[in-house]
Amino acid sequence: MDNIERRDAGLAYISDEAVMKEQMKCRKILQKLNTADRSDFDAIAEIIKELLGKSEEAFINPPFYCDYGSHIEVGKNFFANYNCTIIDVAKVKIGDNCQMAPNVSVYTAGHPVHPAARNTLYEYGIEVTIGDNVWIGGNTVILPGVHIGSNTVIGAGSVVTKDIPDWVIAGGNPCKVIRKITEEDIKYYYKDREFDEEAWKAVEAMTEKGNK
Numbered sequence: 001m002d003n004i005e006r007r008d009a010g011l012a013y014i015s016d017e018a019v020m021k022e023q024m025k026c027r028k029i030l031q032k033l034n035t036a037d038r039s040d041f042d043a044i045a046e047i048i049k050e051l052l053g054k055s056e057e058a059f060i061n062p063p064f065y066c067d068y069g070s071h072i073e074v075g076k077n078f079f080a081n082y083n084c085t086i087i088d089v090a091k092v093k094i095g096d097n098c099q100m101a102p103n104v105s106v107y108t109a110g111h112p113v114h115p116a117a118r119n120t121l122y123e124y125g126i127e128v129t130i131g132d133n134v135w136i137g138g139n140t141v142i143l144p145g146v147h148i149g150s151n152t153v154i155g156a157g158s159v160v161t162k163d164i165p166d167w168v169i170a171g172g173n174p175c176k177v178i179r180k181i182t183e184e185d186i187k188y189y190y191k192d193r194e195f196d197e198e199a200w201k202a203v204e205a206m207t208e209k210g211n212k
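Going by UniProt numbering, the first residue of the sequence shown is number 1, and it counts up by one from there.
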């Protein structure tokens, strides 16, 4: 089994010449993305399609960093803000309508803890999955093997070391569930600040449309 096969099977592998050749292809696309005219949204969207392959209305504010791009699967309306890093040695699967604030990092990669094992250059990648309608706050770090459930919010500055369920607000280091998200939360746009009448009508209309 070669190192690409080992990597894709979730086994310990070494980043040899063949592995680095795959990364070189990604880096050329990232070079285009990260030096593009930041005001040319159409051009940026086209580069993102080239990087990620299948995507529907995905947008990333450069700069953005990843190892392969092809190992990242995003659903509809994915958005990542400035300085997002996704180390996609293993698959990173992200659902529909997900948003990432600035400086979010998703790590599938790691190295052995014992220095003698680590110095062999063996490393690993373990899949990360994120459900639908997830908002991840700025400066959050998501570690290998984590699953974040749908309709969940991760607070800024969190370090997500373990799975987080659906429909919760979670935060901290290590990231823990703070509370459930309930129907009562729909009235508020920030903490205890309620939508004004004009905005609330739009929220109601979009909610009704989504339920049909």
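Idealized CB from N, CA, C, for every residue including glycine.
The structure displayed is predicted, hence computed values, not measured ones.
Is ILE169 near ILE148, with beta carbons less than 7 Å apart?
no
How about LYS187 and GLU194: are their beta carbons less than 7 Å apart?
yes
Name the residue from GLY53, THR161, SER70 and TRP135 whose alpha carbon lies nearest to the alpha carbon of residue 242.
This structure cannot settle anything about residue 242, because the visible part of the chain is limited to 1 through 212.
Can you grab the Cα-Cα spacing for the pair GLY110 / TYR68, in whole Å?
16 Å
For GLU57, does the three-state DSSP call read helix, strand or coil?
coil
Measuring alpha carbon to alpha carbon, tell me which residue in ILE130, GLY125 and ALA156 is nearest THR140.
Ranking the options by Cα distance to THR140, first place goes to ALA156.
Smallest Cα separation from ASN83: which of LYS91, ALA101 and TRP135?
ALA101
Kindly list the residues whose CB is nearer than 7 Å to the CB of THR108, restricted to its own chain and excluding five residues on each side of it in sequence; keep chain order.
ILE87, ASP88, VAL89, ALA90, VAL92, GLY125, ILE126, GLU127, VAL128 and PRO144
Per DSSP, which residues does GLN99 bridge with? Please list them.
PHE79 and TRP135
Does PHE64 pass the burial test, meaning 16 or more other C-beta atoms within 10 Å, or should it be called exposed?
buried
For PRO62 and ALA36, believed in contact at Cβ under 8 Å, the rounded distance:
6 Å
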